[in-house]
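Numbering-wise (this note's numbering), the sequence shown opens with residue 671 and increments by one.
Beta carbons: idealized from backbone N, C-alpha and C, even for Gly.
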Amino acid sequence: MGVVLGRGAGYRWRVAEERRPGTTDPAVAPTLAAESVGDKSSSDHDAWIGRTVAGRYRVESLLGEGGMGLVFVAEHLALRKKVALKVILPSFSNNEEIATRFAREAMASAQLDHPHVVSAIDYGELDRGGAYLAMQLVGGVTLREWINEQVTIPWQEVVGIGVQIASALEAAHRAGVIHRDLKPENLLCERRSGVPFVRLTDFGIARILSDLDGPDAARSGASLTQVGVVVGTPGYMAPEQAVGQPVDPRADLYALGVVLWEALSGEVPFAGDELTAILGQQLVGPPPLGSVARGVPESLRRLLEELLAPRAEDRPASAGEVLDRLAAIERGGPAAVARGAALPGPKRYQVIGGWAVGAVALAVLAAAGAMVFAEGPALEAPIELHPDAGVSSAAAGIVESEDPAPSIAETVEALLNGAKRRDRVAAADLLLGHRRPEEIPGFARAVAEFERGRTCKARKKALDAIGAAGDPRALPALKRAQGWSRRGCRPFGLGDCHACLRAPLRDAIKALERR
């Protein structure tokens, strides 16, 4: 069984140290999903600055670089329009898989003219080998950053995001394109008049339904749609996709369900270090949404449950249906359920027939041996709180519960060792909002400030306070932060959100370990 799994670290980004998630940086569609970064020197990119590509694109500045290509801001000389110009280096021009994926991305995105899709503008061969792809240059951050920078996203906002993604998927499916790698890193988000505006990106592993027809099938990527070849990102791709079976548009709907579930809860529904473990969870179904997200209407919970059904035939039939139901929820009306029909009860998918297929799938995957696949989403990326937000909803839930308020010691323990991000944020809020701040240990207050920090500057200041306190009990929090994902930010969602903290974190840990 072939395995072509989505990777998270295809490009290395040049960003100013103090720029943080939430600011607007140019961003464009991601590149090859199976690409990996090495320690490639960036010395080559300077030769491109000022160069004219294909007689019409003047290269102005570097956006990012990877082991196989570069991405620039360029200007179309005739139109005086800025574009994102992605180039595959000549040294990789003879790599058929890279060429296929690059051509596929150009072909798929060029077929879509939709406000919620980052589209291709131009594609061609470079004079000295390699290829280029000109795309829209758009502002915003990835949905991964959007999720990470907020303690909670209101369900109404998540529904609005879902409406836009479903609209983009409907257009793609109508054009015969199945994305196959829908995830927060491949969605760009910016605020327009206070409302999230989302664009779908990265069609590098899309399935084009015409692939198997015509003389250009091999070049357009038919080899990437063969039965037994796995393409996608673990935890987001549907079970049938994870075992290399043929997929239809309902695989994208499954991924949409995962994205919306994650946006509502702040956590991924399926997590693990191995594809087999993740698939096993998917075959059972996600945890009850109510256990991780409060106040979500029943109609939305039911829709997500259907989207995350292990069997494709149990999911909604089309992106259009999902769009209609989300739009109805957004309006506050009935969610496209027949009048008088009873809603089904909650399901935990343990159907004999379906589970038998799942067991076979797990056996096939296990037989393939150990697999090295891309990092999943940033499970331990920090949750960041707006300074004016007051006590987070998670902390409010603790305070308003019937249980007595936790002691300071219990709250500090939750801050340092809480298994869930929301628990740690809630603990930080409680400590920082304590009516007797003098009773809070200095190191704990500094760790709480670090947990809540929204900017690199704020987190560095908190690290200084942790160092000044000199208490080794802060080490669990710092070591957890050291493991934060190195992807999910900047253009393409592949930059390190926490690059500015790596050295200070390392120094703070060393200092505390010496005490």
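Report yes if the C-beta of residue i is less than 7 Å from at least one heavy atom of the ligand COA; otherwise report no.
i: Leu945; result: No copy of the ligand COA occurs in the structure displayed, which carries no ligand at all.
Starting from residue i, trace the beta strand (DSSP E) in both directions and tell me its first and last residue.
i: Ile1192; result: Residue numbering for the chain in the displayed model covers 671 to 1185; residue 1192 lies beyond these limits and cannot be assessed.
i: Pro824; result: No beta strand (DSSP E) holds Pro824; DSSP gives it neither H nor E.
i: Lys1218; result: Because the chain spans 671 through 1185 in this model, residue 1218 falls outside it and cannot be assessed.
i: Ala744; result: Gly739 to His746
i: Glu860; result: Leu857 to Arg862
Could you tell me the alpha carbon to alpha carbon distance between residue i and residue j, rounded to whole angstroms?
i: Pro824; j: Asn764; result: 48 Å
i: Gly936; j: Asn818; result: 8 Å
i: Arg1176; j: Gly1153; result: 11 Å
i: Asp996; j: Val829; result: Residue identity differs from the one stated: residue 996 is Leu in this sequence, not Asp. C-alpha separation (whole angstroms): 6 Å.
i: Ile999; j: Ala790; result: 32 Å
i: Thr903; j: Glu975; result: 20 Å
i: Leu733; j: Leu852; result: 22 Å
i: Val1082; j: Gly1137; result: 17 Å
i: Leu803; j: Asp716; result: 19 Å
i: Pro760; j: Ile719; result: 17 Å
i: Thr822; j: Val966; result: 12 Å
i: Leu970; j: Val788; result: 27 Å
i: Val811; j: Val868; result: 10 Å
i: Ile875; j: Leu782; result: 15 Å
i: Ala1118; j: Val900; result: 42 Å
i: Leu796; j: Arg1143; result: 56 Å
i: Pro986; j: Ala1089; result: 34 Å
i: Arg1185; j: Asp1134; result: 16 Å
i: Ala1116; j: Glu932; result: 29 Å
i: Lys1131; j: Pro1174; result: 10 Å
i: Glu968; j: Gln806; result: 38 Å
i: Ser779; j: Ala1139; result: 53 Å
i: Arg1106; j: Glu1080; result: 16 Å
i: Pro785; j: Leu1086; result: 43 Å
i: Val954; j: Pro919; result: 22 Å
i: Gln915; j: Gln820; result: 36 Å
i: Arg1172; j: Thr871; result: 29 Å
i: Ala982; j: Gln911; result: 10 Å
To which residues of the same chain is residue i closer than 7 Å at the C-beta, ignoring the five residues directly before and after it?
i: Gln952; result: Pro909, Phe940 and Pro980
i: Leu993; result: Val833, Ala836, Ser837 and Glu840
i: Glu687; result: Low confidence applies here, because Glu687 scores a pLDDT of 28, under 50, leaving its location unreliable and the question unanswered by this model.
i: Ile758; result: Met738, Gly739, Ile768, Phe772, Gly800 and Ala801
i: Ala963; result: Leu934 and Ser935
i: His1168; result: Trp1154
So, helix, strand or coil for residue i, using DSSP?
i: Cys763; result: Here residue 763 turns out to be Ser, not Cys, going by the sequence shown. Residue state, collapsed to three classes: coil.
i: Pro958; result: coil
i: Ala1128; result: helix
i: His843; result: helix
i: Thr871; result: coil
i: Pro1174; result: helix
i: Ile848; result: strand
i: Val929; result: helix
i: Tyr727; result: strand
i: Thr770; result: helix
i: Gly734; result: strand
i: Glu1050; result: At Glu1050 the pLDDT is 33, less than 50, meaning the model places this residue with poor confidence; the figure from the coordinates comes in the next sentence. Coil.
Residue i lies in the alpha helix (DSSP H); which residues open and close that run?
i: Arg1117; result: Residue 1117 is actually Val in this sequence, not Arg. Val1117 -> alpha helix (DSSP H) spans Gly1112 to Arg1122.
i: Ala801; result: Ala801 -> not in any alpha helix (DSSP H); beta strand (DSSP E) instead, spanning Ala801 to Gln806.
i: Val992; result: Ala989 to Arg1001
i: Gln911; result: Pro909 to Ala912
i: Val1095; result: Arg1091 to Leu1102
i: Pro1146; result: Leu1145 to Gln1152
i: Trp1186; result: No answer is possible for residue 1186: it lies beyond the span of the chain, which begins at 671 and ends at 1185.
i: Arg721; result: Here Arg721 belongs to no alpha helix (DSSP H), and DSSP marks it neither H nor E.
i: Ala876; result: Unbroken run through Ala876: none, as it is neither H nor E.
i: Thr1081; result: Ile1078 to Asn1087
i: Arg1185; result: Element bounds for Arg1185: n/a, residue is neither H nor E.
Under the assumption that residue i contacts residue j (Cβ atoms under 8 Å), give the Cβ distance between them as a whole number of angstroms.
i: Gly905; j: Val928; result: 7 Å
i: Lys751; j: Val741; result: That pair is no contact at about 17 Å.
i: Phe1113; j: Asp1141; result: 4 Å
i: Pro866; j: Glu815; result: Not quite, the Cβ-Cβ distance comes to about 12 Å (not below 8 Å), so this is no contact.
i: Gly794; j: Ala724; result: 5 Å
i: Tyr924; j: Leu977; result: 6 Å
Leaving aside the five residues before and after residue i along the sequence, list all residues of the same chain whose C-beta is less than 8 Å from its C-beta, in chain order.
i: Ala1084; result: Pro1076, Asp1093, Arg1094, Ala1096 and Ala1097
i: Ile1179; result: Leu1145, Leu1148, Lys1149 and Gln1152
i: Asp922; result: Leu839, Ala842, His843, Ile848, His849, Arg850, Leu852 and Ala989
i: His1104; result: Ile1078 and Ile1110
i: Glu745; result: Tyr727, Arg728, Glu730, Lys751, Lys752 and Val753
Given residue i, which residues of its chain have a CB within under 6 Å of its CB, disregarding the five upstream and five downstream residues?
i: Phe762; result: Met738 and Ile768
i: Leu813; result: Pro854, Leu857 and Cys859
i: Leu879; result: Gly846
i: Arg861; result: none
i: Glu944; result: none
i: Leu1102; result: Ala1118
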